[in-house]
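Respectively, the protein sequence lines represent chains A and B. For the first sequence, the working numbering assigns the number 1 to the initial residue and increments by one for each residue that follows. For the second sequence, the working numbering assigns the number 1 to the initial residue and increments by one for each residue that follows. Glycine is no exception: its CB is placed at the ideal position from the N, C-alpha and C atoms.
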Amino acid sequence: MKPIFYYTELALNQVGPGSEVIIEHKELSRFGKLNTSEFNHALSKLKEKGAQVSLEWDILMSETDFASKASLLNELELDLIDSIRVQDPGAIEYVKHNLDHKITLILETGNHNLRGIQSWIDHVGERVNRVVLSVELDKKTVKNYCENLEVDVEFLVLGRILIFYTPRNLLSSLLPEDDEKKKRRLVSNEFLEASGESEESPHKGFPLIENKHGTFMFHIKRLFLLDCLSDLKECGVRQLRVDNRFDSEDLLNKSLLTMNGSCDVASFKKEYPYDVIKGYFNTNKTDVLFKKLKNYRLQRKDESYVGEVLETNKAHYMAILIKKSSIKLGDELKFITPEGKELVCKVHQLQNSVGVDIEKASVDELCLINYFGSVWPKSQVYLNI
Amino acid sequence: MASKLFKLGKNMSVNESRFTPELLAPAGSLDKLKVAISYGANAVYLGGLKFGLRSAAENFTEEELIEGVEFAHKRGALVYVVLNGFLHDKDLDELPEFVQFLDSIKIDAVIVSDLGVIKTVHANSSIPVHLSTQASCLNVESAKLWKSIGVERIVVGRETSIAEAGKIKKEAGIEVEMFIHGSMCMAYSGNCTISNFTQGRDSNRGGCAHSCRFEYSIDFDHLDSEDKKRAYFMSSTDLNGIKVLPEYIKAEIDSIKVEGRMKSHLYAGTISKTYSEALNYYKEHGDFISDDLQNWENELKKVTHRTYAQANLVEKAGRETIFNEREVASSNDYVLVGRVIDIVDQEAIIIEVRNAFNLEEELEILPFSGKPITHHLSSIQSLTGEAIERTKPTTLVKIPFVKGLERNNILRKRLLQ
Numbered sequence: 001m002k003p004i005f006y007y008t009e010l011a012l013n014q015v016g017p018g019s020e021v022i023i024e025h026k027e028l029s030r031f032g033k034l035n036t037s038e039f040n041h042a043l044s045k046l047k048e049k050g051a052q053v054s055l056e057w058d059i060l061m062s063e064t065d066f067a068s069k070a071s072l073l074n075e076l077e078l079d080l081i082d083s084i085r086v087q088d089p090g091a092i093e094y095v096k097h098n099l100d101h102k103i104t105l106i107l108e109t110g111n112h113n114l115r116g117i118q119s120w121i122d123h124v125g126e127r128v129n130r131v132v133l134s135v136e137l138d139k140k141t142v143k144n145y146c147e148n149l150e151v152d153v154e155f156l157v158l159g160r161i162l163i164f165y166t167p168r169n170l171l172s173s174l175l176p177e178d179d180e181k182k183k184r185r186l187v188s189n190e191f192l193e194a195s196g197e198s199e200e201s202p203h204k205g206f207p208l209i210e211n212k213h214g215t216f217m218f219h220i221k222r223l224f225l226l227d228c229l230s231d232l233k234e235c236g237v238r239q240l241r242v243d244n245r246f247d248s249e250d251l252l253n254k255s256l257l258t259m260n261g262s263c264d265v266a267s268f269k270k271e272y273p274y275d276v277i278k279g280y281f282n283t284n285k286t287d288v289l290f291k292k293l294k295n296y297r298l299q300r301k302d303e304s305y306v307g308e309v310l311e312t313n314k315a316h317y318m319a320i321l322i323k324k325s326s327i328k329l330g331d332e333l334k335f336i337t338p339e340g341k342e343l344v345c346k347v348h349q350l351q352n353s354v355g356v357d358i359e360k361a362s363v364d365e366l367c368l369i370n371y372f373g374s375v376w377p378k379s380q381v382y383l384n385i
Numbered sequence: 001m002a003s004k005l006f007k008l009g010k011n012m013s014v015n016e017s018r019f020t021p022e023l024l025a026p027a028g029s030l031d032k033l034k035v036a037i038s039y040g041a042n043a044v045y046l047g048g049l050k051f052g053l054r055s056a057a058e059n060f061t062e063e064e065l066i067e068g069v070e071f072a073h074k075r076g077a078l079v080y081v082v083l084n085g086f087l088h089d090k091d092l093d094e095l096p097e098f099v100q101f102l103d104s105i106k107i108d109a110v111i112v113s114d115l116g117v118i119k120t121v122h123a124n125s126s127i128p129v130h131l132s133t134q135a136s137c138l139n140v141e142s143a144k145l146w147k148s149i150g151v152e153r154i155v156v157g158r159e160t161s162i163a164e165a166g167k168i169k170k171e172a173g174i175e176v177e178m179f180i181h182g183s184m185c186m187a188y189s190g191n192c193t194i195s196n197f198t199q200g201r202d203s204n205r206g207g208c209a210h211s212c213r214f215e216y217s218i219d220f221d222h223l224d225s226e227d228k229k230r231a232y233f234m235s236s237t238d239l240n241g242i243k244v245l246p247e248y249i250k251a252e253i254d255s256i257k258v259e260g261r262m263k264s265h266l267y268a269g270t271i272s273k274t275y276s277e278a279l280n281y282y283k284e285h286g287d288f289i290s291d292d293l294q295n296w297e298n299e300l301k302k303v304t305h306r307t308y309a310q311a312n313l314v315e316k317a318g319r320e321t322i323f324n325e326r327e328v329a330s331s332n333d334y335v336l337v338g339r340v341i342d343i344v345d346q347e348a349i350i351i352e353v354r355n356a357f358n359l360e361e362e363l364e365i366l367p368f369s370g371k372p373i374t375h376h377l378s379s380i381q382s383l384t385g386e387a388i389e390r391t392k393p394t395t396l397v398k399i400p401f402v403k404g405l406e407r408n409n410i411l412r413k414r415l416l417q
């Protein structure tokens, strides 16, 4: 397993021969801060130190922006780049057809099934050197993917978890026109940072960033999987990414020492300055609450379905809209109420909507039958056969 | 003066050679499907019980899907089924059987965002695949990629302008569908997992908790001071593209889409009717130079909505597209009072009451085509003939026959009269 981290001026001290470093350009990368000359300069320094360097082109692009972003690539010292990391399918397609670099597919948004991930790899072809998996996958799934994919798998093991990305300027919009922070953001293109909390959620202190690519929100806790390195090794993950973009050099140094076993993980975790979580690494059950989101008793279920009770008039009648199967005098009906009660009642009185006695009520007709206690509007009606 | 628009009847004469986009409406339930199509939608999109992004919507059982497709196809309308969740492996295990079922009942397309789902659909059916907006396809290169994978239509990301969508269609050589009306995600669709990490509900499999609609306190100085900005800073205004409908046509957008599978019958009917009538007007006249533009705009204000804006349709969404207000249950002037369940011998109409109304209140009836009918009730009766002064929700009442009304017509009333 090999660590991979981001280039920052401070992180340069941690780079040595064989290090793998991600470099960002401010026009191409969500949190990039380097302009073209700074980028090319940093790239040279990284190569001098013997690092493998990946360019991160991870922004999503409108058609209007796409051409300028793609043409910017011509200004970069691409010969010094070992691979390009892409998420926008447009960027994937562009790199595939216009450059000859290895391609790292950032599949962190969605991509929670092997079939889809394999299809991405098949589509791009042999130039895919790696896939970056979503942190929403649990370790059992990651292991399955590592065993079945023929390319390396990278996983975030330490750092912020991005939970929201929009191209809109949501923070500067809150500030008055003459605010200095707003000016620095909009005129000088600096990052505008803040934290957010909502009284409607128990979670406080979401880190927020606005920059030229939009507004980003992160989880209040950092992902910390450095105490799961043996699990990750068993899974077969080859690259462990540390997101050091918002941290000190010291923290990166200690992270790397922990990863190579030179520093005790428990001690590091204890002194780590942020609250941490393991995310979904142990298990992901984010679909179990779905069954509570609606009343499944109100759904039609089988071929004996008749229709729906629209009105109950106590001691007089129940009005049923016949939707599927006709009913006749003498039929036995089963009612499933919104609360889930199942009640059976025989039709011994049947009238049309103006109170005329009828023998049979057909599909699309409104009919009135004898009242039966505990049946309510919206109850679903079935033939009890 | 009677408007030009409302002279058009149900069998209006239109210029069939003039291009107009398909009007694609949401169908949150079988009843809403019938309402949307009856009021003029050319196509509807709906969800089965799984695999979509609206777990809380009523959605369609297989029986309802069969009935819905039959109802739509009989009236020349198309049915698209959403399978647009980012599915996990175990979800995919159950998908082939459902896809085969959809193929067997001849649905017209599926709307998909996950490559694994696309491959599963292709392996198990011949159903055309439309790429969901959830996949955030925003540029020509991206559209070319999806086309090479076998996608037949792109629902472009909500960040796309009409001009960009037109360019994507022409340069990628693929059908393009684009939202014209309804609620908006503030995030790039598919790129928000707030619900996943704060509520334990996967927003990309149908569990979105709408955390973007919450009020937040924003601390710019990190001082944990009282000097915080309180704002609904992540909440988006609603999209309303009626004024730029000519731009959609000029760009030859294949399908204009209305958001709102969770919304009411009143919404499904009003939006379908309004956009359908505007498109028909264009088809007949070749322009939108009409006094009725104001009528269409007014109609769209009669459904529940947040402040309307054009989002990214013409230029990049700015500050005006942030809906910095608390959500309220009903932010409109009108409310659905019920719908027509039955018409009895041209003597009486039976209404399923959704919201109470009084005998003296003025109701508006929305016919399937033509101007809304203002109606003063002379009587309200229960089904057993007892006179009623004020109705109650979830009851059936009889009102005197009104010429022009049909089953599934919607009745509404103005609030705070």
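**Message:** Strictly below 7 angstroms CB to CB, what residues from chain A border HIS88(B)?
**Reply:** HIS112, ASN113
**Range of the contiguous beta strand (DSSP E) that encloses ILE22(A)** = Per DSSP, the unbroken beta strand (DSSP E) holding ILE22(A) starts and ends at 20-24.
**Message:** Using the Cβ count rule (16 or more neighbours within 10 Å means buried), how would you classify GLN118(A)?
**Reply:** By the 10 Å Cβ count, GLN118(A) comes out buried.
**Message:** Tell me the DSSP secondary structure of PRO3(A) in three-state form.
**Reply:** Assigned with DSSP and collapsed to three states, PRO3(A) falls in strand.
**Request:** Could you tell me which of ASN313(A), GLU210(A), HIS112(A), TYR6(A) sits nearest to LYS90(B), measuring between CA atoms?
**Result:** HIS112(A)
**Request:** Note down, in chain order, all residues in the stretch 217-246 of chain B with a beta-carbon under 7 angstroms from any beta-carbon belonging to chain A.
**Result:** Within the stretch 217-246 of chain B, the qualifying residues are SER217, ILE218, ASP219, PHE220, HIS222, LYS229, ALA231, PHE233, MET234.
**Item:** Which of helix, strand or coil DSSP assigns to MET259(A)
**Value:** Helix.
**Prompt:** With distances taken between CB atoms, is the gap from ARG153(B) to GLU171(B) smaller than 8 angstroms?
**Reply:** no
**Prompt:** Would you call the stretch 56-63 of chain A and the stretch 23-37 of chain A touching, i.e. three or more CB-CB distances under 8 angstroms?
**Reply:** yes
**Message:** Under 7 angstroms, CB to CB, which of the residues in the stretch 58-73 of chain A have a partner in chain B?
**Reply:** Of all residues in the stretch 58-73 of chain A, those with a C-beta nearer than 7 angstroms to a C-beta of chain B are LEU60, MET61, SER62, GLU63, THR64, PHE66, reading in chain order.
**Prompt:** Should ASN204(B) be flagged as near chain C, meaning a C-beta pair shorter than 8 angstroms?
**Reply:** The structure shown contains no chain C; the protein chains it does contain are A and B.
**Prompt:** How many Å lie between LEU411(B) and ILE399(B) at the Cα?
**Reply:** C-alpha separation (whole angstroms): 12 angstroms.
**Request:** Taking all protein chains shown into account, decide if ASN358(B) is buried (16 or more other Cβ within 10 angstroms of its Cβ) or exposed.
**Result:** exposed
**Message:** Taking the alpha-carbon of PHE191(A) as reference, which of THR215(A), PHE164(A), LYS45(A), ARG222(A) has the nearest alpha-carbon?
**Reply:** Looking at THR215(A), PHE164(A), LYS45(A), ARG222(A), the one whose alpha-carbon comes closest to that of PHE191(A) is THR215(A).
**Request:** Following the continuous beta strand (DSSP E) through VAL157(A), name the residue where it begins and the one where it ends.
**Result:** 152-159
**Asked** Unbroken beta strand (DSSP E) runs of length 3 or more, entirely within the stretch 321-385 of chain B: which are they?
**Response** 334-344, 348-353, 362-366, 373-376
**chain B within 8 angstroms of VAL142(A), Cβ atoms only** = no
**Item:** Rounded straight-line distance, which links the Cα of VAL363(A) to that of LEU87(B)
**Value:** About 37 angstroms.
**Request:** Closer than 8 angstroms by beta-carbon distance: list the chain B residues that pair up with ILE121(A), in chain order.
**Result:** Correct list: empty, because the minimum Cβ distance to chain B is about 10 angstroms.
**Request:** Within the stretch 58-145 of chain A, note down every full beta strand (DSSP E) run reaching 3 residues or more, in order along the chain.
**Result:** Here the runs fully enclosed are 83-86, 102-107, 128-133.
**Message:** Which residue marks the beginning of the alpha helix (DSSP H) containing LEU43(A), and which one marks its end?
**Reply:** Counting along the chain, the alpha helix (DSSP H) containing LEU43(A) begins and ends at 36-48.
**Request:** May I ask you to report which of helix, strand or coil DSSP gives ASN13(A)?
**Result:** helix
**Prompt:** What are the uninterrupted segments assigned as alpha helix (DSSP H) that are 4 or more residues long and contained completely in the stretch 164-250 of chain A, given in chain order?
**Reply:** 180-186, 229-235
**Request:** Would you please state the rounded distance, in angstroms, between the beta carbons of ILE81(A) and LEU55(A)? I believe it to be under 8 angstroms.
**Result:** 5 angstroms
**Request:** Compute the Euclidean distance between the alpha carbons of VAL69(B) and PHE51(B), then round it to the nearest angstrom.
**Result:** 19 angstroms
**Cross-chain neighbours of SER353(A) in chain B, by beta carbon under 9 angstroms** = Per Cβ cutoff of 9 angstroms: ILE341, ASP342, VAL344, ALA348, ILE350, LEU383, LEU396, LYS398.
**Item:** Nearest residue (CA-CA) to LEU418(B), options GLY182(B), GLU159(B), SER264(B)
**Value:** Not covered by the structure: residue 418(B). The range shown for chain B is 1 to 417.
**Residue closest to ASN408(B), alpha-carbon to alpha-carbon, out of LYS32(B), ARG414(B), GLU325(B)** = LYS32(B)
**Request:** Output, in chain order, the set of chain B residues within a Cβ distance shorter than 9 angstroms of GLY90(A).
**Result:** CYS137, LEU138, ASN139, VAL140, GLU141, SER142, ALA143, LYS144, LEU145
**Prompt:** chain A beta carbons: is any one of them nearer than 8 angstroms to that of ARG153(B)?
**Reply:** no
**Asked** Which ranges would you report for the alpha helix (DSSP H) in the stretch 178-254 of chain B if only whole runs of at least 4 residues count?
**Response** 194-199, 245-250
**Message:** I'd like to know if the stretch 250-267 of chain B and the stretch 186-195 of chain B are in contact, where contact means that at least 3 CB-CB pairs between them fall below 8 angstroms.
**Reply:** no
**Item:** Assigned secondary structure, SER54(A) (DSSP; H/G/I helix, E/B strand, else coil)
**Value:** strand
**Prompt:** Just curious, the beta strand (DSSP E) that LEU329(A) is in, first and last residue?
**Reply:** From DSSP, LEU329(A) is part of no beta strand (DSSP E); its letter is neither H nor E.
**Message:** Taking only three categories from DSSP, how would you classify SER3(B)?
**Reply:** Residue placement at SER3(B) is poorly supported in this model, since its pLDDT is 32, which falls under 50; the coordinates still yield a value, given next. Coil, per DSSP.
**Prompt:** What are the complete beta strand (DSSP E) segments, minimum 3 residues, inside the stretch 125-155 of chain B?
**Reply:** 129-131, 153-155
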